[in-house]
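Protein chains: 2
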Amino acid sequence: MQQLRQTQRTTLKRLPKRGSHEREVINQILDEGFICHVGFAIDGQPFVIPTGYARAGDKLLIHGSQASRMLRALKEGIDACVTVMLIDGLVLARSAFHHSMNYRSVVIFGRAELVEDRGEKLAALFALSEHMIPGRWKDVREPTEAELQQTTVLSLPIDEASAKIRTGPPLDDEEDYAMSVWAGVLPLRLVTEHPMADPRLPGNIAVPDYVIEYRRKP
Amino acid sequence: MQQLRQTQRTTLKRLPKRGSHEREVINQILDEGFICHVGFAIDGQPFVIPTGYARAGDKLLIHGSQASRMLRALKEGIDACVTVMLIDGLVLARSAFHHSMNYRSVVIFGRAELVEDRGEKLAALFALSEHMIPGRWKDVREPTEAELQQTTVLSLPIDEASAKIRTGPPLDDEEDYAMSVWAGVLPLRLVTEHPMADPRLPGNIAVPDYVIEYRRKP
């Protein structure tokens with residue numbers, strides 16, 4: 035497996051056994067998720083903004099309005115930190131202290147670049163659409179030139195990155211295992227509910243399979 | 035409804051109709067969520083760390099190991115940005131451009147304070163436990179003095195904060211409503227799956243009701 039270079043920023047200070055720098059592990063988490071939290075600082079003031087994303091090879095793509103404060107700041111090439119977090123369950127231990135969560139997360143450090151070329155920009159918007167709702171792009175109206183111009187797309191290298199994963203049952207102090215209290219994991223999962231048609235949709239248009247069968251887990 | 039003061043940092047530059055500074059709206063989002071993303075900067079380098087939290091009145095509480103880089107940085111009183119994001123659905127429009135997400139998010143700016151007093155610290159750990167799994171605390175072993183000392187608890191005022199909410203169907207360009215393509219919302223929801231008992235749990239201990247009936251939505 036390809037290992038990303040480990041830097042001071044991506045070295046876990048605590049519980050290093052939970053960490054990974056393997057590209058395959060990182061990619062799998064990024065491909066299951068679809069919301070990232072983008073961090074940046076302006077004059078020392080941190081901002082954390084949630085947004086959709088796509089992975090295209092070893093790049094993370096984000097997009098939004100040309101007017102977005104976040105995108106205008108990031109396209110100047112300032113340091114960014116992008117975090118993706120998947121919650122897998124609540125870990126109920128016998129002691130308050132050892133309660134935990136099962137999760138898989140990725141943190142990426144780096145500087146974003148503006149995607150300017152028209153073809154690359156359209157490819158990025160396609161990737162963002164396919165990452166969010168695979169199969170959707172072929173059904174919809176593609177962006178006009180004006181829409182393309184109103185949209186900023188940024189690309190962040192997935193290069194200085196690490197994953198952190200917790201799985202499995204609680205880890206209690208040995209003497210607490212004798213306690214008569216339930217312990218284990220309550221798994222959590224993001225699921226879809228019944229699709230809600232737009233009130234303006236004609237009655238004869240069926241829900242597409244990619245909506246009915248939508249799921250994030252591979 | 036109580037309105038929080040609006041500052042430059044909490045003023046939405048785009049789509050201000052989606053924003054709110056009402057404490058009740060903010061609290062409702064914070065009470066449904068249980069993971070926040072904490073942003074801070076060290077020498078201009080931003081970090082975004084996901085972690086559990088609780089709301090206790092008009093404070094946001096976070097906690098973790100004394101050794102945590104994040105908590106050690108934040109307890110010095112540096113600027114923080116804490117974001118909570120709840121995903122409610124994918125919004126499928128007729129054009130690629132108008133695809134969106136339904137969500138409810140809160141962003142809080144401020145500086146955290148260390149909770150040092152033993153009684154306040156224990157109350158905060160109780161609040162964190164109850165926020166994550168209501169009803170759990172009474173069943174488990176409370177923290178020892180050593181565990182209390184290994185745990186750092188920080189309190190952030192929910193004072194300079196705003197909510198941002200998108201709900202409802204897609205908003206398409208008028209001419210696109212004639213397209214013969216499905217449009218609407220695919221609701222998403224975080225649900226629990228069947229509890230998994232710790233392999234070391236004796237067979238005669240039942241799953242508590244607060245695990246069986248666990249849900250985040252009120």
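Residue numbers (my numbering), protein chains in the order written: chain A, 35 to 252; chain B, 35 to 252.
Where a beta carbon is used, it is the ideal one built from N, C-alpha and C, also for glycine.
Fair warning: this is a prediction, and the values are worked out from it, not measured in the lab.
Asked                                                                                                                                                                      : Found
From A:Val-118, A:Ile-112, A:Val-82 and A:Gln-36, pick the residue whose C-alpha is nearest to that of Ala-197 (chain A); which is it?                                     : A:Val-118
Counting only Cβ-Cβ distances shorter than 9 Å, please list the residues of the region 229-243 of chain B near chain A, keeping chain order.                               : Pro-229, Met-230, Ala-231, Asp-232, Pro-233, Arg-234, Leu-235, Pro-236, Asn-238, Ile-239, Ala-240, Val-241 and Pro-242
Compute the Euclidean distance between the alpha carbons of Arg-175 (chain A) and Ser-214 (chain B), then round it to the nearest angstrom.                                : 11 Å
Would you mind listing the beta strand (DSSP E) stretches within the region 130-175 of chain B that are 3+ residues and don't spill past its ends, in chain order?         : 134-145
Compare the C-beta of Val-82 (chain A) with all C-beta atoms of chain B and state if any pair is closer than 8 Å.                                                          : yes
Quick one: is Gly-86 (chain A) buried, meaning 16 or more other Cβ sit within 10 Å of its Cβ, or exposed?                                                                  : buried
Does the beta carbon of Asp-65 (chain B) come closer than 8 Å to any beta carbon on chain A?                                                                               : no
Let me see if you follow: with CB-CB separation under 8 Å, is Ser-139 (chain B) close to chain A or not?                                                                   : yes
How is Ala-114 (chain A) classed by DSSP in three states: helix, strand or coil?                                                                                           : strand
Determine the direct distance from the alpha carbon of Pro-229 (chain A) to that of Asp-243 (chain A), and round the result to whole angstroms.                            : 11 Å
Measure from the alpha carbon of Cys-115 (chain B) to the alpha carbon of each residue in B:Ile-167, B:Thr-185, B:Phe-74 and B:Leu-162, then state which is nearest.       : B:Phe-74
For Ile-239 (chain B), which of A:Ala-161, A:Ala-217 and A:Gly-67 has the nearest alpha-carbon?                                                                            : A:Ala-217
List the residues of chain A whose Cβ lies closer than 9 Å to the Cβ of Glu-227 (chain B), in chain order.                                                                 : Gly-123, Leu-220, Pro-221, Leu-222 and Arg-223
State the start and end residues of the unbroken beta strand (DSSP E) segment that holds Leu-95 (chain B).                                                                 : 93-99
Near Glu-181 (chain A), which residues of its chain fall below 6 Å by C-beta distance, leaving aside the five closest residues on each side in sequence?                   : none
The alpha helix (DSSP H) spanning Ala-107 (chain B) covers which residue range?                                                                                            : 103-108
Quick check on DSSP: helix, strand or coil for Lys-198 (chain A)?                                                                                                          : strand
Quick check: the region 89-102 of chain A against the region 141-151 of chain B, are at least 3 beta-carbon pairs closer than 8 Å?                                         : no
Run the CB neighbour count on Ala-127 (chain A), radius 10 Å, all protein chains shown included, and call it buried at 16 or more, exposed below.                          : buried
Output the residue ranges of the alpha helix (DSSP H) runs that lie fully inside the region 178-244 of chain A and measure 4 residues or longer, sorted by chain position. : 179-184
Consult DSSP for Arg-89 (chain B) and reduce its assignment to one of helix, strand or coil.                                                                               : strand
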